[in-house]
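Before any comments, here is the structure.
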Amino acid sequence: MNILVVGGGGREHALCWAVARSPRCKGLWCAPGNAGIAAVATCLPDVAAEDLDGILAACRAHAIDLVVVGPEAPLVSGLVDRLEAAGIAVLGPTAAAARLEGSKAFMKQVLARAKVPTARFEAFSDAEAAKAHVRERGAPLVVKADGLAAGKGVLMCETEDEALAAVDTMLSDRAFGAAGASIVIEDWLRGEEASVFALCDGETAVSLGAAQDHKRVGEGDTGPNTGGMGAYAPAPVVDPVMEQRIMTEIVQPTVDAMAAAGTPFKGILFAGLMIDDTGPKVLEFNVRFGDPECQALMVRLASDLVDLLEAAAHGTLEDAPLPRWRDEAALVVVMAARGYPGAYEKGTGIGGLDAADAVEGVTVFHAGTKAGADGAVLATGGRVLGVTARGASVAEAQGRAHAAIDRLDWPEGFCRRDIGWRAIQREQAG
1 MNILVVGGGG REHALCWAVA RSPRCKGLWC APGNAGIAAV ATCLPDVAAE DLDGILAACR
61 AHAIDLVVVG PEAPLVSGLV DRLEAAGIAV LGPTAAAARL EGSKAFMKQV LARAKVPTAR
121 FEAFSDAEAA KAHVRERGAP LVVKADGLAA GKGVLMCETE DEALAAVDTM LSDRAFGAAG
181 ASIVIEDWLR GEEASVFALC DGETAVSLGA AQDHKRVGEG DTGPNTGGMG AYAPAPVVDP
241 VMEQRIMTEI VQPTVDAMAA AGTPFKGILF AGLMIDDTGP KVLEFNVRFG DPECQALMVR
301 LASDLVDLLE AAAHGTLEDA PLPRWRDEAA LVVVMAARGY PGAYEKGTGI GGLDAADAVE
361 GVTVFHAGTK AGADGAVLAT GGRVLGVTAR GASVAEAQGR AHAAIDRLDW PEGFCRRDIG
421 WRAIQREQAG
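Be aware that the sequence shown starts at 1, since it is given in full-length UniProt numbering, and climbs by one per residue.
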């Protein structure tokens with residue numbers, strides 16, 4: 001098969017890396033790709049992930065048999081609709097189904113119809129009405145931009161004053177632009193977070209397991225939220241019993257509700273969950289693999305990824321073998337540019353990549369890089385590398401990732417050294 005992966009981040013590097021290992025992959029392209037992806041796929045740097053016309057033209061030019069869409073923006077914009085109308089097989093939801101991520105209010109409405117557990121919520125576009133709700137409901141609360149905000153449109157408010165300020169930030173100051181033109185205010189759930197991924201073909205859903213990421217920029221889960229500073233898989237909080245419960249109580253009812261509404265969900269359903277003594281509750285849905293969770297999942301996957309993706313794209317998951325996983329744990333530490341998630345410098349050179357990649361069990365995925373004129377690798381984003389390691393335990397995987405990071409020569413980068421701390425505490429407790 002000729003396969004095109006859409007996107008240019010760490011998630012897409014991991015997907016390309018896994019697809020390239022399949023004997024069924026004849027040719028592999030990535031639009032736009034990055035410096036790391038170029039080692040396993042032909043990059044199309046002039047075709048942006050949101051360039052629907054350019055992607056369709058690339059599919060025709062390279063006789064693409066299957067498209068795999070990485071990021072959410074082209075899904076919400078209708079890339080799948082365009083490709084399917086042209087007769088091109090694609091894994092990902094239509095624009096109507098992608099509203100599960102594109103609109104938090106829509107997602108909450110689907111959950112209500114499907115009777116899926118989630119936090120109590122109200123949606124607002126008027127600031128005064130939202131503030132009246134805050135005063136009536138009391139703190140703590142979570143204020144969320146309704147639309148896509150690159151993972152940053154969620155404000156955790158411990159006090160009523162913080163919640164009132166968050167309303168102003170979104171609805172009055174428009175800090176998140178159009179994404180915050182309407183907001184969702186919901187109760188603050190306590191417990192342990194986990195991310196569960198399912199591969200869906202419109203009717204059938206198959207678990208791809210659980211991971212746990214670290215959103216805060218600083219060690220000890222301090223500082224502002226980011227797109228993700230690291231992750232590990234599997235997540236101990238999601239044992240086999242809990243995994244089955246999540247599939248039965250959350251994932252399959254959501255898939256059934258979407259199909260009943262005439263907007264069947266096909267692709268990756270990523271459930272962000274809060275798990276407490278009463279069970280799992282949905283914090284959010286995303287309609288694609290997480291980044292950096294995807295990197296941890298791909299290095300654990302023992303099955304042929306192309307077989308799984310093709311079955312989902314063609315509606316034959318029910319007849320496909322279940323995915324197989326390595327026994328090892330996997331952990332990814334994100335190397336980010338100093339200053340992230342605020343202002344950061346671009347264009348700095350990264351050395352030591354081959355030495356880092358040579359550490360046993362380690363694969364370095366590129367998230368925000370480009371090739372320099374002299375063959376050097378330059379940092380172009382906030383999150384730049386995903387140093388990913390497998391190990392017999394989370395602690396061993398963490399140690400290998402840290403050993404690889406110590407071989408990098410990038411003074412302008414930083415990382416968290418405590419990724420996986422919850423799982424390591426469990427391991428040490430026996």
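Quick reminder that beta carbons are idealized off the backbone N, C-alpha and C, glycines included. Every value quoted in this text rests on a predicted model; they were computed, and no experiment measured them.
TODO: Just the C-alpha distance for residue 431 and Glu-412, rounded to the nearest angstrom, thanks.
DONE: Outside the modelled stretch of the chain, which goes from 1 to 430, sits residue 431, for which no answer is possible.
Open item on the list: I want to know whether the stretch 16–30 touches the stretch 375–389 - three or more CB-CB distances under 8 Å.
Closed with: no
Open item on the list: Checking 8 Å against the spacing of the C-beta atoms, do Gln-212 and Ala-194 come in under that value?
Closed with: yes
TODO: May I ask you to list the residues that DSSP assigns as paired with Asp-409?
DONE: Gly-351
Open item on the list: If distances are taken between C-alpha atoms only, which option among Ser-103, Ala-96 and Gly-70 comes closest to Val-90?
Closed with: Gly-70
Task: Residue closest to Leu-189, alpha-carbon to alpha-carbon, out of Ala-429, Pro-341 and Leu-283 - done: Leu-283
Task: Buried versus exposed call for Leu-322 [16 or more other C-beta atoms within 10 Å across all chains shown] - done: exposed
TODO: State the DSSP-derived secondary structure class of Ala-175, mapped to helix, strand or coil.
DONE: coil
Open item on the list: Just to check my reading of the structure: Glu-345 and Ala-337 have Cβ atoms closer than 8 Å, yes? What is that Cβ distance to the nearest angstrom?
Closed with: 6 Å
Open item on the list: Do Asp-146 and Ser-172 have their beta-carbon atoms positioned less than 8 Å apart in this structure?
Closed with: no
Open item on the list: Starting from Phe-124, trace the beta strand (DSSP E) in both directions and tell me its first and last residue.
Closed with: 121–124
Open item on the list: Here's the rule I'm using: 16 or more other beta-carbon atoms within 10 Å means buried, otherwise exposed. How should Thr-222 be labelled?
Closed with: That one is exposed.
TODO: Closer than 6 Å by C-beta to Val-255: which residues in its own chain qualify, once you throw out the five before and the five after it? Chain order, please.
DONE: Cys-200, Ala-205 and Phe-265
Open item on the list: Does Arg-82 pass the burial test, meaning 16 or more other C-beta atoms within 10 Å, or should it be called exposed?
Closed with: buried
- [ ] Could you check if Glu-318 is buried or exposed, using at least 16 other CB atoms within 10 Å of its CB as the buried criterion?
- [x] Under this definition Glu-318 is an exposed residue.
Open item on the list: Give me the residue from Thr-263, Thr-363 and Met-242 with the minimum Cα distance to Thr-94.
Closed with: Thr-263
TODO: Alpha carbon to alpha carbon, how far is Gly-352 from Pro-253? Give it in angstroms, no decimals.
DONE: 47 Å
TODO: Say whether the stretch 36–44 touches the stretch 3–21, bearing in mind that this needs 3 or more beta-carbon pairs closer than 8 Å, one atom from each stretch.
DONE: yes
TODO: Let me know the secondary structure DSSP gives Ile-250 once reduced to three states.
DONE: helix
Task: Cβ-Cβ distance between Asp-65 and Met-1 below 8 Å - done: yes
TODO: Would you tell me roughly how many angstroms separate the C-alpha atoms of Ala-315 and Leu-308, rounded to the nearest one?
DONE: It is worth fixing the name first, because residue 315 is Gly in this sequence and not Ala. Between Gly-315 and Leu-308, the C-alpha separation is close to 11 Å.
TODO: Given a cut-off of 8 Å, decide if Gly-209 and Pro-240 are closer than it, judged by their beta-carbon atoms.
DONE: no
TODO: In the DSSP assignment, find the alpha helix (DSSP H) that holds His-13 and state where it starts and stops.
DONE: 10–20
Task: For Ala-114, the residue or residues it bridges with in DSSP - done: Answer by DSSP bridge pairing: none, since Ala-114 is not bridged.
Task: C-alpha gap between Gly-138 and Gly-342, whole angstroms - done: 30 Å
TODO: Could you pull the start and end residues of the alpha helix (DSSP H) that Gly-279 belongs to?
DONE: For Gly-279, no alpha helix (DSSP H) encloses it; the enclosing beta strand (DSSP E) starts and ends at 279–286.
Task: Sequence-distant residues of the same chain with beta carbon closer than 7 Å to Val-143, five excluded per side - done: The beta carbon of Val-143 lies closer than 7 Å to those of Leu-155, Cys-157, Ala-163, Ala-166, Val-167, Met-170, Ile-183 and Ile-185 in the same chain, with the five residues before and after it left out.
TODO: Quick one: grab the DSSP three-state call for Leu-66.
DONE: Looking at Leu-66 - three-state DSSP - the assignment turns out to be strand.
- [ ] Could you please give the first and the last residue of the uninterrupted alpha helix (DSSP H) stretch that includes residue 456?
- [x] Residue 456 lies beyond the range of the chain shown here (1 to 430); nothing can be said about it.
TODO: Just confirm the distance between the C-beta atoms of Lys-131 and Asn-225, as a whole number of angstroms; I'd bet it's less than 8 Å.
DONE: Between Asn-225 and Lys-131 the Cβ distance is about 23 Å, and since that is not below 8 Å, they are no contact.
Open item on the list: Less than 8 Å between C-beta atoms, sequence neighbours within five positions excluded: which residues of the same chain meet that for Glu-77?
Closed with: According to the sequence as given, residue 77 is Ser; it is not Glu. Counting only Cβ-Cβ distances below 8 Å, and skipping sequence neighbours, we find Glu-50, Leu-52 and Ala-95.
Open item on the list: I'd like the list of long-range same chain contacts for Ile-88, defined as Cβ closer than 7 Å, with 5 residues on each side in sequence excluded.
Closed with: Cys-59, Ile-64 and Val-67
Open item on the list: For a test of the three-state rule: what should DSSP assign to Lys-104, helix, strand or coil?
Closed with: Correct three-state label for Lys-104: helix.
- [ ] Using DSSP bridges, identify the partner residues of Gln-212.
- [x] Tyr-232
TODO: Please determine, among Glu-203, Gly-290 and Val-238, the residue with the shortest C-alpha to C-alpha distance to Ala-260.
DONE: Nearest C-alpha to Ala-260: Glu-203.
- [ ] Note down, in chain order, each residue of its chain lying with its Cβ closer than 7 Å to the Cβ of Met-274, except the 5 sequence neighbours on either side.
- [x] Leu-189, Gly-191, Glu-193, Lys-281 and Leu-283
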